[in-house]
Each structure stands twice: as C-alpha cells, then as structure tokens.
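Quick notes on the structure that follows.
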Amino acid sequence: MSKNSTKGLIVAIMGPDGAGKTALVEGLKHELSTVFQQVEIFHFRPRIFHSKKPGAKVIDPHGKPLRSWETSILKLFYYMLDYILGFFLCIWPLLRRSTLVVFDRYYYDLLVDPKRYRYGGPMGLVAVVAKLIPKPDLILILDVPVDRLLQRKQEVTRDTLLKLRKAYVKMATTLPNAVILNGAVPAFEVVQQARGIILDWLHKQNLSRCGKCYSTTKEKEENLRWLSQVLGTQIEPNSCRETHAVFHLPDGRAYLWPLDSEAAFVKGLNLYQPQNLIARLAWKGFHYFTVLSDVPRWILPKVCLQWNDVKEGETLTFIEHIKNIFDCDDLTLAIALGTPKSERKPILQIMSPNGKVLGYVKLGWNDVTNRLVSNEIKALQMMAEQRLPFQVPRLLYAGQWGEQFLCIQTPPSEKTKGAHWNLDKRYLSGLRSLSQINRLDNRLRESVFWQNIMERRKLIKNSYWRHAIDVGIQEVQTSLILNGQKVPFHFCHGDFAPWNVAIIDKDDTVFLFDWEYAQWEAPAGYDLYHWIVSTLWLLKKESPAKIISEVKGVIEASFVQEYFKVAGVTESDLLVLFLLYLLDRFSLYAAREPQAFDNLKLYANLIWLSVNYETS
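Note that the sequence shown ends on residue 632 in the numbering used here; no numbers are left out.
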C-alpha cells in the first residue's frame, strides 16, 4: 500500500503549549470541509485501543514524574504498535475516502518534549521508532515568541517554553515535510496560511500523480518532438540512417551524441556533468568503458536528425547557418536538453570530426529563453572588457535565427575537471573581482533589484508564501532604517554554483560559464550566498538549520571577510544582504514557479530562521 495512491491527506499540527494548535485544528476543519469529503481529528496517536477522543485537559504537562526506564520502553513500543496498526486499520481507510486526517500533536512530540509523556527511556530509541512509524504528509509547526506563549499558558516556565520553542523550530527545519507557521498573528491568519500550504501541497501531489514520467517511451518521443520543433529538424527513431545515440534521464533531461565520429561521441559525453558522488563515479566508469569499447555507443537508442526546416525570413536551415558561422562544412554536434520547464533550451556542442570542440550554441525558442540568451550575450560582452582572475567563455557569435536568439561561445582553453563544492580562495578571488564591476551604493527602494522583488510579491496568491516574504521584507526595511545605511550593489553571476564552474587542469584556474542569470545590480554577497545555499541544499541535502549555521560559519572565515571588505560590506550589513538574497530567490519561485513547493518551503524556512534565529 502507498499513500501516494490515495486522495486523502495526513496533517500533523505541532508546537509548544499555548501556540494555538486547537484553534488551528478547528479552523482547518471549517475551511477545508469543502475540499475533502470529510475531516477527522486525532489527538497525538490513532488510539485504536482506546477512544480517539481526547482525555481530560492537561493543566500541568510536566507535573508528573517520569516513568521507569523499563516502563518507558514498553510504553514506547505500545505507541509504535498503535501508530502502525492504527494507520492500516483506521487511517488508511479514511484516506481512501478522501479524508483530511488532522493530528493535534504527533509522535515527534516525544523527541521534543519527552517529559510531557513521562518518558524516561533512551532518546535514541525514540528516534529509531520515529523512522518506523507512518509519516504525516505535512507537519505544520507553530512558532510563537515566548512572551506571547506565557500570556496564553502560565503553567509552563519561561525557560521550558524557550527550550521547547527552539526544539520545535529545529525539528521543522530537519523534517523534509515540515513547515513553520507564524503563530503570533491572529488565529484567522494562521488558518489561512495553513490552508494555503495544504492546497499548494495537494497541487504538487496532483502534478506528480498526473504529470509526466519521462522514462516512458511516449514521453521520450515527446521530448524529441520538442527538440525537433526548436531546431527545425525531423528526428526519426529506429531509422535506417542513424546519426545520434540518445540518453534519457528520468527527470526529462536528454542527451544526443553523434555516431559519425567515435572521438566526437566520447567528447560529447562531457555535456552531462552529474554532481552526485555516486552518479559521478558511475558516469566516469561509463566514460572509460566507452573509450575502451564500442558497446556503449550501440546499446543506447538511436535516432536520425534531418535538418530540413527554414525559418521565416531565413534562407538556410539551422545547421547550414551554424556551418556558415564557423566557415566549415564538416561539423558534428552533441545536444543537451535541460529539465522540462519554460526556461529549458537546447545546448549544442559543435565539434570537428576528430572531436575538437569548436564552441557551444545556446538557442532561445520562447520569450523566456530568448531573454536569457540575450542576457548572457550582454554579460559575455561586458566580461570581455574586464581583467579577471578567472576565465569566461568568449563570445563567438550573437544574433538570431528567425525569431530565436542565438549565442555561440568558446569552450575552455584547456582540459577541465569538475569544481569541488567547498568555497576557497580561488572562488572568492573571482567574487572580489566581480564586486568591483558596476559597483554602487544605493537606497534599497530606488534599486531595480528591490523593485523586482516588490513586483513579484504582487503576483503571489498563496497567503502563506505572501506572509513569508512579508516577514523578510519587514525585517530588511526595519534593519536599514535602524542602521541608516545604503545597500552595496554590484554585478553578479546570478547562478554561481558548482555545476557552472570548471577547473582548468593546467593551472587550476577557474572557468566560470552559464551567465544567463547575470544581474547588473545585485546586493553584495549574492553569489556567495547562492553557492552556499545551492550546494548544501541540492548537493549535500542539508536542512535549513544546517544551512543557516554554515552561512554563519563561512562568513566568519578570514578570506570571506576580505571579500566583504573589498565589496564595501560592514558586519551590520550581513543579515540584510542574506535576507535580500533569500527574498529574491523566494520571490522568483513564488511568482514564476508556484508549483515548486519544496524550493518555496526551503526559502520560507530560511527567511523565518534568519529573522528569528537568535530571538526568543
């Protein structure tokens, strides 16, 4: 049995005493009664051995002594049995009937507040059992300042509430399906935030259920049809004249490698640069096997590319246009297709028959990708005028093919290797040089950067995401007013991350590419923060709490402090600059990709932690 095949939803609501859990439970029951066929409320556990109605109201949750070690373990296994059997006998049938199942507290409470349940056994065992029991789909954790909690719940001491609040927030940032709610706002607003989160989560699940699985034959064919429309080709699978081998990834990415040249086929493999360690090792093994044997070339599915489409206003096919630009009739090419979304575009690796890479082609196909290609052209043109401690691609050609923007750039000058994930002085040297380009101190409200954030904020419909961005906006504005300072801005790469960096083997020089997200007016530290967050979140799979901790650790390093000094940043600016980065990334997703639930949740949690991390 899999919950993913059900139409119901399990939501657990957690937080310290006085956080407003009961009001939220009742509010959701009313607000979502029309979304689900029914709403069922449980208190802490399924209670298949007892009535699921709550017992007497707990006046002093920490007043009773702990149970013995032995009794605590027996009680723990009793809980485990209740959760496991309760899910299959009680919860599962409800989910099948499109029921919203709401838990007022959940098992994870034991990890935060064992004294409440009189647990005196080993905490390690509590953590083990937590991995064995069924998980809620969503965990809503209410966070309320301690002073507000004391107004609502006088029976619990301030120190206890402070400890519990921090523990709940830490839990919210370590559990993958947990979301922090601001419980200090009026109850109606909390309910609306929770409602927005639940509806967005349901939308995400519907997309995953009904969306495309790009491992099926049908979706692979659709992938290739999209490419044929963009490039003006006919791509025929199982043709008698095979020109390219095709490698499909489950997320919709695909790679086409030429079959007319063994050297070009091997060189084309470099278009795929996995970041995960296991994937990198596996890919390196496949690469070596390809060099030693023809088998990999022939086990992959194959297609025939026929270039026959001439765009309106043009006299040449795309490949003829490329051959004219390079002034060479004997070219071969490998093609990379990114993850399917509005910003997806093909990248072509142009090679001679002996496998020498002559250049990389980026081709826009809609308004979004044409803007990105145009932005990269402008960035490379400006970079060509700078003296930099790192290498960037040189622009070979900028123009159009029909209405599609075209950017051709040079490959690295020497053989390269993948970038390592840890920031070092080489990377910071590059960031220091970028901080001197288009540098200015400006009032935030007068900057294009801030105006873009505020415009995107208007497009956010979900009440929770809107509240999350407002929390960050208010903190930034308050800090700037208190400090009375302007914000240092400068040019930035915009997507400074390991997958856009290579290291030249010969002299260990950094090669920085993919400038399509470059910003001419970004707050100082933008690229630095993006590297840290992207690496920890996407590559190392760290929690928001760990990301915050790492950010604080990195910015205290001496070589990073040197970068901030060169960029004109004072210590009082650091939190504001980090929040500005978070607000920009969050607003981009919230306005343009509202279905990107996991990314939105990450940035919302990071904003909340940044504002409240050291407060009580």
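C-beta atoms are modelled at their ideal positions from N, C-alpha and C, and glycine is treated no differently. These numbers come from a predicted model, not from an experiment.
Assigned secondary structure, residue i (DSSP; H/G/I helix, E/B strand, else coil)
i                 : result
phenylalanine 302 : helix
glycine 227       : Per-residue confidence for glycine 227 stands at a pLDDT of 48, beneath the threshold of 50, marking its modelled position as unreliable; the derived number appears in the next sentence. It is coil, neither helix nor strand.
histidine 337     : helix
histidine 260     : strand
histidine 436     : coil
glycine 43        : helix
glutamate 572     : coil
tyrosine 597      : helix
arginine 132      : helix
arginine 387      : helix
leucine 590       : helix
lysine 37         : helix
phenylalanine 281 : helix
cysteine 106      : helix
tryptophan 417    : strand
leucine 456       : strand
isoleucine 26     : strand
valine 311        : helix
threonine 525     : coil
isoleucine 157    : strand
Straight-line gap, residue i to residue j (C-alpha atoms, nearest Å)
i                : j                 : result
valine 15        : aspartate 614     : Lying outside 17 to 632, the shown extent of the chain, residue 15 is not represented and no answer is given.
proline 150      : isoleucine 100    : 7 Å
tryptophan 417   : tyrosine 480      : 43 Å
proline 152      : serine 565        : 27 Å
leucine 411      : aspartate 530     : 12 Å
valine 172       : proline 130       : 15 Å
glutamate 160    : glutamate 587     : It should be pointed out that residue 160 corresponds to valine in this sequence rather than to glutamate. Their backbone Cα atoms lie some 28 Å apart in a straight line.
glycine 212      : serine 368        : 54 Å
tyrosine 579     : glutamine 425     : 29 Å
alanine 203      : leucine 110       : 27 Å
valine 627       : leucine 180       : 18 Å
serine 574       : leucine 444       : 11 Å
phenylalanine 65 : glycine 102       : 9 Å
histidine 219    : leucine 116       : 15 Å
glutamine 209    : leucine 40        : 10 Å
valine 185       : isoleucine 338    : 55 Å
serine 358       : arginine 241      : 16 Å
alanine 540      : isoleucine 548    : 14 Å
asparagine 292   : alanine 146       : 27 Å
glycine 642      : lysine 318        : Because residue 642 is not part of the residues shown, which for the chain are 17 to 632, the question remains open.
proline 356      : leucine 272       : 16 Å
threonine 190    : serine 550        : 17 Å
lysine 394       : phenylalanine 602 : 25 Å
glutamate 336    : alanine 583       : 46 Å
proline 81       : aspartate 486     : 43 Å
glycine 137      : arginine 83       : 8 Å
Status (buried if at least 16 other CB within 10 Å, exposed otherwise) for residue i
i                 : result
phenylalanine 505 : buried
cysteine 344      : exposed
methionine 187    : buried
methionine 139    : exposed
lysine 378        : buried
valine 144        : exposed
serine 18         : Low confidence applies here, because serine 18 scores a pLDDT of 40, under 50, leaving its location unreliable; read the following figure in that light. Flag for serine 18 reads exposed.
alanine 28        : buried
leucine 581       : At residue 581 the sequence reads lysine, which differs from the leucine that was named. The residue in question, lysine 581, is exposed, as its Cβ has fewer than 16 Cβ neighbours within 10 Å.
aspartate 125     : buried
proline 622       : Checking the displayed sequence, the identity of residue 622 turns out to be leucine instead of proline. Leucine 622 is buried by the Cβ-count criterion.
tryptophan 85     : exposed
proline 274       : buried
phenylalanine 104 : exposed
threonine 331     : exposed
glutamate 401     : exposed
alanine 194       : buried
Closer than 6 Å: residue i CB and nearest the ligand NAP heavy atom
i             : result
glutamate 609 : As for the ligand NAP, it is missing from this structure, which has no ligand bound.
Which residues DSSP lists as bridging residue i, in chain order
i                 : result
cysteine 508      : Gln535
glutamate 578     : Per DSSP, none; premise fails for glutamate 578.
tryptophan 273    : Ala261
phenylalanine 465 : The partner list for phenylalanine 465 (beta bridge, DSSP) is empty, contrary to what the question assumes.
Presumed contact (8 Å Cβ cut-off) between residue i and residue j, rounded CB distance
i                 : j                 : result
histidine 509     : leucine 450       : 7 Å
phenylalanine 594 : tyrosine 533      : The Cβ separation is near 19 Å, so there is no contact.
lysine 182        : glycine 34        : Not a contact, Cβ separation roughly 15 Å.
leucine 148       : leucine 197       : In fact, because the Cβ distance is near 27 Å, the residues do not count as touching under 8 Å.
isoleucine 214    : leucine 48        : 7 Å
glycine 248       : phenylalanine 334 : 5 Å
tryptophan 381    : valine 246        : 5 Å
leucine 460       : tryptophan 466    : 5 Å
valine 585        : valine 492        : Actually they do not touch by this definition, with Cβ atoms about 15 Å apart.
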